[in-house]
Amino acid sequence: MLKKKTNEMTLIIKNNDTGTSRFYVLNKKLLKKAAIISSTIILILVFGSILLTSIMRKRLVSRENKIPVEILNLNKIIKDLSSRLADEKELTTALQQNISRKNIQNINSINHISIPATGLDKRKDALTTIEQIEIDSSGDLNTVSFNIKNNTNDKIAGYFFIITFYNNQTSIYPRVNSQKATYSQGEPFTISKFKPVKITLDSNLDDSEVKYKIMLFSRVGDLIGYSSNIY
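The sequence shown: position 202 = 221 (the working numbering), numbered continuously.
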């Protein structure tokens with residue numbers, strides 16, 4: 020006698036304490052479907068976990084690659100700001116120095132020379148030194164000699180004047196046709212370290228009584244050197 024195939028199966032659970040048994044009828048098709056669904060869900064979860072891990076790793080690598088670029092950009096910004104700050108400090112220092120210096124227009128001892136309104140008194144900067152001044156009137160010619168010393172590491176160029184006062188007379192070297200000389204009409208000079216100067220004057224002097232002023236101007240009209248025996 021052939022048994023007919025059925026889609027159901029019986030599950031018997033026996034209780035050893037009471038000696039009773041319970042019978043459960045299960046549908047085989049439902050069990051297969053449940054197993055397939057469970058396997059599918061597990062596979063989806065596994066592949067989803069793998070895919071999510073891969074995505075997270077890619078994002079992490081991308082962020083790690085961006086961090087050095089951002090650091091470089093920040094370093095560049097910091098460098099630019101530092102450079103601007105240094106420029107501002109230099110400009111502030113220059114302005115403070117210009118404010119602290121007197122304009123040459125206000126120096127009474129320069130009243131024989133016409134200088135530009137922008138000319139500054141830079142004697143305190145000690146760019147130059149006028150040394151070993153000698154006036155010789157022992158012979159037929161009257162001479163004035165001195166040395167110009169450059170106190171900087173750069174070459175200095177400009178103009179110099181010698182103004183002498185003797186017997187209520189004032190003489191300016193170099194001689195100019197106008198009553199007041201312009202600073203650029205002075206004797207040109209260029210000096211790297213040291214320059215001896217010897218000038219012959221056409222006026223009669225007594226070296227024991229003559230008073231003098233020696234002035235050095237830059238090419239732009241700043242007073243960069245001064246010496247006088249007038250007190």
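C-beta atoms are modelled at their ideal positions from N, C-alpha and C, and glycine is treated no differently.
Classification of residue i by the beta-carbon crowding that lies within 10 angstroms, buried from 16 upward
i	result
N248	exposed
K98	exposed
K174	exposed
D106	exposed
G67	exposed
S156	buried
L64	exposed
R76	exposed
K232	buried
L220	buried
Residue-level contact to chain C via CB, residue i, 9 Å cutoff
i	result
M75	In the structure shown, chain C cannot be found, because there is only a single protein chain.
Proximal residues to residue i (C-beta, below 7 Å), its chain only, five neighbours per side dropped
i	result
I191	H131, F180, I182, A200
G177	F208, L235, F236, S237, R238, I243
N170	A145, L146, T147, T148
I218	T162, V163, I181, Y192
S211	N169, K174
Three-state class that DSSP yields for residue i in the structure shown
i	result
Q204	helix
N170	coil
I134	coil
S156	coil
N94	helix
K217	strand
S197	coil
E79	According to the sequence as given, residue 79 is Leu; it is not Glu. Three-state result, L79: helix.
V239	coil
K108	helix
V65	helix
E228	coil
I56	helix
Cutoff 6 Å; reference residue i; Cβ partners in own chain excluding five residues on either side
i	result
L70	none
E153	S164
E206	F179, P193
A136	none
V216	F165
S133	K199, T201
D241	G138, L139, K141
For residue i: DSSP bridge partner residues
i	result
M234	F180, Y245
I175	I210
N186	DSSP lists no partner for N186.
I149	I167
T72	For T72, which the question treats as bridged, DSSP gives no partner whatsoever.
Sequence-distant residues of its chain with Cβ nearer than 8 Å to residue i (five each side left out)
i	result
F213	N166, I167, K168, N169
Cβ-heavy atom distance, residue i to the ligand PLP, below 8 Å
i	result
I210	You won't find the ligand PLP in this model; it holds no ligand whatsoever.
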